[in-house]
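Residue numbers (this note's numbering): 651 to 969. The next block holds one structure in the form of structure tokens; read it before the comments.
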């Protein structure tokens with residue numbers, strides 16, 4: 651049986667603000683007593699930037715990973731050199747990401763897991779055991795949200811964008827029966843939204859000569875990374891929420907209600923080396939034999955049997 655080490659946080663959701671103390675304990679299970687050269691706890695926060703081949707040219711792909719941006723990098727000594735007895739040993743700890751008056755290496759962006767941009771805060775415990783023994787370590791991620799002083803007071807003023815979708819608003823070709831028969835859908839949807847609230851709105855299908863198959867709301871993220879003198883941008887789908895299945899009644903108001911996923915969203919960021927933006931896309935699928943042949947197609951890709959409207963979405967953190 652080998653020695654095991656676990657980092658346990660007292661807060662089960664692992665969500666912290668930079669000025670809040672992160673409290674927990676280091677749990678060490680060892681079959682026998684071990685000597686060590688000190689037990690240290692460190693926290694590293696960084697913005698990892700990566701350009702993938704799918705969205706970049708030859709030059710950008712050559713660079714691959716852009717130098718990460720360090721936000722915080724500090725450590726404390728939990729226990730001086732000595733011995734750990736056999737059995738279970740628990741060492742409590744308290745650590746603050748950003749002390750009052752302390753200068754940080756960078757701005758504390760919120761935790762975000764994207765395609766090209768990833769913002770992470772990792773706590774790592776290391777037990778140094780000298781040259782003859784392998785060091786023991788364990789790592790856990792904490793989810794960081796903006797300090798209360800840096801967020802907006804609730805409530806956010808609702809900003810609703812009015813939209814209408816017809817055969818004439820589409821920038822891609824449609825099936826002849828859809829284009830000739832015509833359709834019209836109108837509605838409104840929030841374009842400024844608190845991360846604590848859903849994306850809300852409503853949609854009404856006023857007329858459609860072709861039966862409708864589905865109406866979906868796509869949440870998109872737009873990540874941009876500065877590579878040399880060029881900005882590489884990639885748009886990816888976060889989630890899809892269906893608000894209607896089948897041919898809906900005409901002139902019936904359908905509610906739009908989309909819950910935001912925490913780790914895949916964050917406040918909209920416009921920094922020098924990178925930016926994180928969001929969009930919301932309303933997609934109407936019409937019944938067509940052709941659509942059955944492309945069931946696994948990318949929902950972001952315009953198709954002959956799809957009508958869509960995409961709007962920018964600003965996300966903010968509120969108290």
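Every residue gets a Cβ at the ideal spot worked out from N, C-alpha and C, and that includes glycine.
Here residue 887 has 868, 870, 949, 950 as same chain residues with Cβ atoms under 7 Å from its own Cβ, once five neighbours each way along the sequence are excluded. Closest by C-alpha distance to residue 825, out of 956, 815, 816, is 956. Under the three-state reduction of DSSP output, residue 799 falls in the helix class. In the same chain as residue 801, and ignoring 5 residues on each side of it, the C-beta atoms closer than 7 Å to its own belong to 967, 968, 969, in chain order.
Secondary structure of residue 959 (DSSP, three-state): strand. The C-alpha of residue 928 is placed about 39 Å away from the C-alpha of residue 655. Less than 8 Å separates the beta-carbon of residue 908 from that of residue 848. Annotation for residue 654: the continuous beta strand (DSSP E) segment containing it runs 654 to 659. The C-alpha of residue 763 lies about 8 Å from the C-alpha of residue 770.
Linking residue 699 to residue 854 through their CA atoms gives a straight-line distance of about 41 Å. Scanning 767, 680, 745 for the CA closest to the CA of residue 918 turns up 767.
Annotation for residue 905: the continuous beta strand (DSSP E) segment containing it runs 903 to 908. Residue 922 has its alpha-carbon roughly 41 Å from the corresponding atom of residue 677. Just measuring C-alpha positions, the residue of 939, 879, 792 sitting nearest residue 827 is 939. Within its own chain, the residues whose Cβ lies closer than 8 Å to the Cβ of residue 687, once the five positions on either side in sequence are excluded, are 731, 778, 779, 780, listed in chain order. Contact between residue 775 and residue 657 is confirmed by a C-beta separation of about 6 Å, below the 8 Å threshold. Contact check for residue 721 and residue 697: beta-carbon distance about 7 Å, within the 8 Å limit, so the pair qualifies. Going by DSSP, residue 829 is part of the alpha helix (DSSP H) stretching over 826 to 831. Judged by DSSP secondary structure, residue 742 falls within the beta strand (DSSP E) whose first and last residues are 737 to 746. Taking C-beta separations shorter than 7 Å and ignoring five residues to either side along the sequence, the partners of residue 851 in its chain run 810, 837, 838, 839, 840, 906, following chain order.
DSSP places residue 842 in the strand class (E or B) of the three-state scheme. When DSSP states are grouped into helix, strand and coil, residue 942 belongs to the helix group.
Burial check for residue 942: the Cβ neighbour count within 10 Å stays below 16, so the residue is exposed.
Using a 10 angstroms sphere on the CB of residue 760, the tally of other CB atoms reaches 16 or more, which defines it as buried.
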